[in-house]
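Undergrad: Below you'll find the structure I mean.
Numbering (UniProt numbering), first residue to last: 1 to 135.
Okay, structure coming up:
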């Protein structure tokens, strides 16, 4: 490990010398920006805290606005779902009654199911003929 450390030191020294002599780019990059002296003073920290407070407040206001819009949309969607469910329930009963009535007209009990090869077209044609005779 100390061998790697000494190699690292040599690389850094070489890069510093190249940089100081104006030869090539300085290849050492820091993940953090260089410290700004004014931020390290009391006024700098106060300004940073002020900016952070403003940012969090603006973000909170924006998120609360979005939340209220989403809640309003959710309420409207729930009302629409309830109305549609009521419509389906109401008309499903009517459709079931109509199917039972048509089965009675055909003289079937409705329990007969079509086989895989049977076609529904003759049944539909028969029911249309029966309805026409009734009228």
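For every residue, glycine included, the Cβ atom is placed at its ideal position computed from N, Cα and C.
Since this is a predicted model, take the numbers as computed values, not measurements.
(1) Taking the straight line between their C-alpha atoms, what separation do you get for residue 62 and residue 86?
(2) What are the uninterrupted segments assigned as alpha helix (DSSP H) that are 4 or more residues long and contained completely in the stretch 43-77, given in chain order?
(3) Roughly how many angstroms separate the alpha carbons of residue 53 and residue 75, rounded to a whole number?
(4) Rounded to whole angstroms, what is the Cα-Cα separation between residue 80 and residue 70?
TA: Considering the structure as presented:
(1) 36 Å
(2) Along the length of the stretch 43-77, whole alpha helix (DSSP H) runs at least 4 residues long do not occur.
(3) 33 Å
(4) In this structure, the alpha-carbon of residue 80 lies about 15 Å from that of residue 70.
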